[in-house]
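In what follows, a single structure is set out as structure tokens and then discussed.
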Amino acid sequence: MFDNVKKFLASKGPLARLLPNQMYMSWMPRDNKRKSVLPKNPTVRQLRNFSRDPIVRKAITIVQDSLARQPYTIDVIGGRGKKIREIAAVQNCIEHPNLVDSRSSFTKRLLDDAMVLDAMCAEVAKARSTKHPVYLYPVDGSTIQMVVPYDYTDDNAVRYMQQQEDGMKYFTAKDIAYMQRSYFTYQPYGLSPIMMAYQYVRFYLDSIEQANEKATNATAEFLISLGEGINSEQREKFIEYMKNDIEGTGRIPVVAGSKSVETKQIKAINSDGLYLQWLEKLTQIVGVAFGIPPEKLGLVIANDRSTGEDQENAMTQELIKPYAAMMEDLYNNYVIANMGLGGVLKFRYIFEDSEMQKSVKSKRVVDEYYKGVLTENEVRRIMGYEESTSDYANMTYPEKTANINVDLGIAGGFNGNGNIKDTTNTEGGDSNEKDKD
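The sequence shown begins at 1 in UniProt numbering and counts up one residue at a time.
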């Protein structure tokens, strides 16, 4: 009974009827005339159209191509055995999320909605097969609406709804995976990079259109004035002279008999008239919204001293990894958890450190080893090497040095203090006394 009341209220509430990302402050009563200082968001169609712009699409493609082929691993948490069969089942669900999609196509579908709408949605369906226990189906994020109010204490409460041909269909949080990058307390929907920069994207597209019109319009750059006292016959002769003897020859026109010949610029003859600096500024703003260096968008020249490796690292940290975390949450919370392996297995992407990061990490780890913070095997694990079987491998460097010195009879303990190795011959007495005999 209570669930039916919630469904009714949710379907009648102004927030529930709105598509995600439709407007700010949509929770306000309809008859409230208070003016909002926030701009209205574009429609879903406008957002999708903006995402087809080459600059915006390049940023989306970078994330899609990166995560579609990004290597990953499934870790066993807390040393609970190898879990070979369970890991194989999880990998099967990830590599073949449904009968149509591969991991690559499924990832690209979800990431497109994640970056355009900040609504990465997938329907979750359990199966009886132990080899493929969970199926994932991509869902258009713009069709999924939040049910408000929502009962956070009930796992089976209705959380989402979708308008279908046979009416409104309701889903629980277990049925639909709805992932966002941005979360707010005052509205349920997120904020995508295109939503943040859509106003500037619109300016950018308008500027491109104006620059293209000016650059391709076959209008002369200058107007020529022959001065006063020129009749129609003289004007026509001058036009014929310019057309037949000057245009296309590279010759310098020579005019005599006129009081004054003047030229006036009537069209842009340099980049200033095409607003290229404004286009560069807009490109930088779009890059900031996505977390991508503007140089990677191809229209801005780097004027700092950052290298290509620095730019790649910044792009990985600010653009790719946040969306990688969303995909990790999807697989961990809706595949592994549904298999009853939450807290046992964990999916994660493998990001290789840059050469600079490797050098800094190596120096830090080695310093900590010599300072007695880490053991040899801890160092080897951190750096990705196999553990050593040496008797001293699980000791810190000072402990290892002290034990080796004791074993070799060189010195005793830390700083030479402690027991020195006993070199006495237990069977024949002191070796020195035996030599004397």
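A virtual CB, placed ideally from N, CA and C, is assigned to each residue, including glycine.
C-beta contact flag for residue i and residue j at 7 angstroms
i: Tyr170; j: Met179; result: no
i: Leu282; j: Tyr198; result: no
i: Tyr323; j: Ala177; result: no
i: Ile350; j: Pro71; result: yes
i: Thr107; j: Leu67; result: yes
i: Pro133; j: Met339; result: yes
i: Ser192; j: Leu117; result: yes
i: Tyr137; j: Ala127; result: no
i: Val139; j: Glu165; result: no
i: Ala119; j: Gly141; result: yes
i: Val286; j: Ile55; result: yes
Distance, residue j Cα to residue i Cα
i: Ala402; j: Ala173; result: 58 angstroms
i: Gly78; j: Glu376; result: 21 angstroms
i: Gln284; j: Glu295; result: 8 angstroms
i: Ser297; j: Arg103; result: Sequence check: residue 297 is Leu here, not Ser. Using only the alpha carbons, I get a separation of about 27 angstroms.
i: residue 440; j: Tyr331; result: No answer is possible for residue 440: it lies beyond the span of the chain, which begins at 1 and ends at 437.
i: Pro293; j: Ile194; result: 16 angstroms
i: Ser359; j: Val90; result: 34 angstroms
i: residue 444; j: Asn231; result: Nothing in the structure corresponds to residue 444, since the chain is present only between 1 and 437.
i: Glu386; j: Arg380; result: 6 angstroms
i: Asp407; j: Gly372; result: 20 angstroms
i: residue 443; j: Glu368; result: Residue 443 lies beyond the residue range present for the chain, which begins at 1 and ends at 437; the question has no answer from this structure.
i: Pro97; j: Ala393; result: 43 angstroms
i: Val63; j: Asp391; result: 46 angstroms
i: Tyr189; j: Ala289; result: 18 angstroms
i: Thr73; j: Phe347; result: 6 angstroms
i: Ala157; j: Ser182; result: 23 angstroms
i: Met115; j: Ile60; result: 7 angstroms
i: Ser362; j: Met383; result: 7 angstroms
i: Ser388; j: Met395; result: 11 angstroms
i: Val76; j: Glu209; result: 54 angstroms
i: Ile144; j: Tyr370; result: 56 angstroms
i: Gln163; j: Leu47; result: 21 angstroms
i: Ala325; j: Tyr186; result: 23 angstroms
i: Arg364; j: Gly343; result: 31 angstroms
i: Asp101; j: Asn92; result: 12 angstroms
i: Tyr397; j: Leu374; result: 8 angstroms
i: Met196; j: Gly167; result: 33 angstroms
i: Leu345; j: Thr316; result: 25 angstroms
Simplified DSSP assignment, three categories, for residue i
i: Pro138; result: strand
i: residue 440; result: The question about residue 440 has no answer, for the chain in this structure spans 1 to 437.
i: Arg159; result: strand
i: Lys177; result: Per the sequence shown, the amino acid found at residue 177 is Ala instead of Lys. Correct three-state label for Ala177: strand.
i: Met395; result: coil
i: Gly409; result: coil
i: Gly384; result: coil
i: Gly291; result: coil
i: Gln234; result: helix
i: Phe184; result: coil
i: Tyr189; result: coil
i: Tyr170; result: strand
i: Phe414; result: Reliability of the predicted coordinates at Phe414 is poor, the pLDDT of 49 falling under 50, and the value obtained from them is presented with this limitation in mind. Here Phe414 sits in helix by DSSP.
i: Thr43; result: coil
i: Thr283; result: helix
i: Thr401; result: helix
i: Thr375; result: strand
Proximity test, residue i beta-carbon vs the ligand NAP heavy atom, cut-off 6 angstroms
i: Lys361; result: Annotation note on the ligand NAP: not contained in the displayed structure, which lists no ligands.
Subject >> Touching by the beta-carbon criterion (3+ pairs, under 8 angstroms), the stretch 79 to 89 and the stretch 149 to 156 >> reply: no
Subject >> Completely contained alpha helix (DSSP H) runs for the stretch 300 to 371, where each covers 4 or more residues >> reply: 308 to 315, 321 to 331 and 355 to 370
**OP:** Specify whether the stretch 108 to 119 and the stretch 309 to 316 touch according to this definition: at least 3 beta carbon pairs, one from each stretch, less than 8 angstroms apart.
**Re:** no
Original post:
Unbroken beta strand (DSSP E) runs of length 3 or more, entirely within the stretch 66 to 131: which are they?
Top reply: 72 to 76 and 120 to 126
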